[in-house]
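Chemist: Counted the way this note's numbering counts, the sequence shown spans residues 55 to 294. Virtual Cβ for every residue (Gly too), placed ideally from N, Cα, C. Input: one structure, supplied below.
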Amino acid sequence: MYTFEYMNKIDELLHRVAEANKDEIEKLAEMFANNIKEDKIIHVFGTGHSHMVGIEMYARAGGLGNVNAMLDPDVLSSFGARRGCAVEKLSGLADIIFDNYKIEKGDIMIITSNSGRNAVPVEMAMRCQKEGIYVVALTNLEQSKNTTSRHASGKRLFECADSVLDNMVPTGDALLNVDGILTGPGTTITSMFLMNTIVSEAIKICAAQGVKVPVFQSQNVDGYDNDSIYKKYDGRIKLY
């Protein structure tokens, strides 16, 4: 008889995440709404599996048009898992990546990192703060607070951010223990849950104020015009 323990654990976790992050969700929903009204960009950056949050928010049906996912191949697993793990610890790379994008004051930067300990996400947060860009850290606070930084400053991501969202997944990103095997990752689901909640609340705020929101619709449903959104943000988000 299947118990679907993972499903039950996820259901419990999402309720805890929603409650623990309620104040930040409300604050960021207002910030996202203002970002839309002021014609600014929301950038999303993560290394390894953390980059999937950017993919979820970027140029997708139901997603905001002013989101730019910084999917730099050097920090993904595209060229090999072990290579990606090594590169995210490399100091100096964040500045190179930052300089390849059009990031301006008034924009928001979301940086995702479960451990928050590696050099690249930490340095990306530091660079953004230096440039006056508001930084949102999407991380695992319990794990990050109980680990050592791999950056020369000794800082972890949550210590370099203006706002912190906690994915609340157990250390090691595993909800299940099956005969001593840790499995059942949860960070991707909780992270996307948090971001989609904030985005949808921001859209509701704008709609209540009569503000037109650039939201992509499915390209497989007739009658919608995504091209106008692409044209609006051409040169500001990565289109090619």
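Write down every uninterrupted run of the beta strand (DSSP E) in the stretch 65-127 whose length is 3 residues or greater and which is fully enclosed by it, in chain order.
Modeler: DSSP runs (the beta strand (DSSP E)) wholly in the stretch 65-127: 96-100 and 121-123.
Chemist: Rounded to a whole number of angstroms, what is the C-alpha to C-alpha distance between L375 and D153?
Modeler: Residue numbering for the chain in the displayed model covers 55 to 294; residue 375 lies beyond these limits and cannot be assessed.
Chemist: Taking the DSSP output, what are the residues bridged to V190?
Modeler: DSSP, once it has assigned bridges, lists I164 and S217 as partnering V190.
Chemist: Under the three-state reduction of DSSP, which class applies to T244: helix, strand or coil?
Modeler: The answer is helix: DSSP assigns T244 an H, G or I state.
Chemist: Taking DSSP as the reference, what is the three-state secondary structure of L147?
Modeler: In the structure shown, L147 sits in a helix (DSSP, three-state: H, G or I).
Chemist: Would you decide whether P127 is buried or exposed? Buried here means 16 or more other CB atoms lie within 10 Å of its CB.
Modeler: P127 is exposed by the Cβ-count criterion.
Chemist: Where does N274 land, buried or exposed, given buried means 16+ other C-beta within 10 angstroms?
Modeler: Exposed, because fewer than 16 other Cβ atoms sit within 10 Å of the Cβ of N274.
Chemist: List the whole-angstrom C-beta distance separating L219 from V174, where the pair is believed to meet the contact cut-off of C-beta under 8 Å.
Modeler: Between V174 and L219 the Cβ distance is about 19 Å, and since that is not below 8 Å, they are no contact.
Chemist: Below 8 Å on the Cβ atoms is my guess for T193 versus V71; work out the distance and round it to an integer in Å.
Modeler: In fact, because the Cβ distance is near 13 Å, the residues do not count as touching under 8 Å.
Chemist: Can you tell me whether I235 is buried or exposed? The criterion is at least 16 other CB atoms within 10 Å of its CB, across all chains shown.
Modeler: So I235 ends up on the exposed side.
Chemist: Are the CB atoms of Q183 and C214 nearer to each other than 8 Å?
Modeler: Yes, the Cβ-Cβ distance between Q183 and C214 is below 8 Å.
Chemist: Under the DSSP definition of a beta bridge, which residues are partnered with V232?
Modeler: Looking at the DSSP assignment, V232 forms a beta bridge with I235.
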